[in-house]
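In my numbering, the protein residues as written are 191 to 443.
Take a look at the structure:
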């Protein structure tokens with residue numbers, strides 16, 4: 191599949207809303223539901239976007255009673271987790287494990303580790319000191335594969351169950367702006383709750399309500415891009431990205 195990072199925000203918004211937070215969900219888009227997510231597009235524009243996502247393997251289309259339905263594929267799901275790490279359910283059971291990489295002898299193919307450093311930084315790894323980076327959980331399979339292929343004699347990678355000395359909490363919370371993300375999620379959660387109450391009280395979803403939901407959803411998507419997935423570990427009472435996404439799905443579907 192294509193890397194989802196090249197998708198425009200409208201396509202990303204539509205795709206994200208189909209992510210299955212629970213196994214019991216059977217989510218799909220029609221042109222109507224997708225149009226609710228991106229009301230700024232024409233219906234023709236929505237159709238073109240959905241067809242492109244099918245062509246790229248992110249969605250799968252099928253026709254039921256003459257209605258086109260669009261489902262998220264396993265490729266699409268994997269691309270979303272790559273783009274939004276916090277969607278990965280494994281963070282629900284995260285116990286504070288880390289993976290570290292130490293740059294040692296740069297190979298001739300990558301003097302001074304310029305290429306590898308770019309890849310490591312792209313994964314939002316923390317730099318502890320020169321040539322030493324670590325990340326909560328583990329590095330992506332793609333990065334580990336690159337290291338095995340090109341840097342087998344040049345780097346050391348190891349895992350650690352915990353930090354035994356040093357200011358882990360302040361290092362992590364500051365570098366990943368966890369307090370800001372937790373605060374943003376809290377505000378977004380309150381707003382979603384208020385809008386859902388209004389929706390349940392009204393017979394029809396008003397244009398004003400749709401606009402308000404589109405706005406809060408766009409904010410959620412932008413904060414989610416910054417979320418590494420460890421907010422809940424350091425702020426146990428914080429609302430999680432997956433909980434907020436499920437509430438947003440309740441409105442749109």
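Glycine residues also receive a C-beta, built at the ideal position from the N, C-alpha and C atoms.
Please read these numbers as outputs of a predicted model, since none were measured by experiment.
So what's residue i in DSSP terms, helix, strand or just coil?
i           : result
residue 283 : helix
residue 343 : coil
residue 204 : helix
residue 351 : coil
residue 328 : coil
residue 195 : Only weak support is given to the placement of residue 195: the predicted model assigns it a pLDDT of 43, under 50, and the value that follows is read from those uncertain coordinates. Three-state DSSP puts residue 195 in a helix.
residue 405 : helix
residue 411 : helix
residue 334 : helix
residue 278 : coil
residue 428 : coil
residue 416 : coil
residue 441 : helix
residue 375 : helix
residue 214 : coil
residue 395 : coil
residue 271 : helix
residue 227 : helix
residue 296 : coil
residue 369 : helix
Do the CB positions of residue i and residue j come within less than 8 Å of each other?
i           : j           : result
residue 219 : residue 240 : yes
residue 406 : residue 378 : yes
residue 368 : residue 421 : yes
residue 292 : residue 247 : no
residue 375 : residue 331 : no
residue 345 : residue 302 : no
residue 249 : residue 263 : yes
residue 154 : residue 270 : Because the chain is modelled from 191 through 443, residue 154 falls outside the range shown and cannot be assessed.
residue 415 : residue 402 : no
residue 352 : residue 289 : no
residue 340 : residue 297 : yes
Quick check: what's the CA-CA separation for residue i versus residue j?
i           : j           : result
residue 397 : residue 306 : 48 Å
residue 436 : residue 277 : 11 Å
residue 310 : residue 387 : 43 Å
residue 381 : residue 440 : 14 Å
residue 244 : residue 230 : 21 Å
residue 391 : residue 217 : 24 Å
residue 318 : residue 443 : 44 Å
residue 204 : residue 343 : 43 Å
residue 395 : residue 404 : 13 Å
residue 210 : residue 202 : 15 Å
residue 324 : residue 299 : 23 Å
residue 251 : residue 265 : 14 Å
residue 362 : residue 419 : 12 Å
residue 431 : residue 242 : 27 Å
residue 238 : residue 285 : 43 Å
residue 279 : residue 256 : 35 Å
residue 423 : residue 359 : 10 Å
residue 235 : residue 312 : 32 Å
residue 389 : residue 373 : 25 Å
Which partner residues does residue i have in the DSSP bridge list?
i           : result
residue 251 : 260
residue 290 : 324, 348
residue 219 : 260
What are the start and end residues of the beta strand (DSSP E) that includes residue i?
i           : result
residue 318 : 316–319
If you follow the alpha helix (DSSP H) that residue i is part of, which residue opens it and which one closes it?
i           : result
residue 305 : 304–312
residue 244 : 233–245
residue 356 : Run containing residue 356: none; DSSP gives neither H nor E here.
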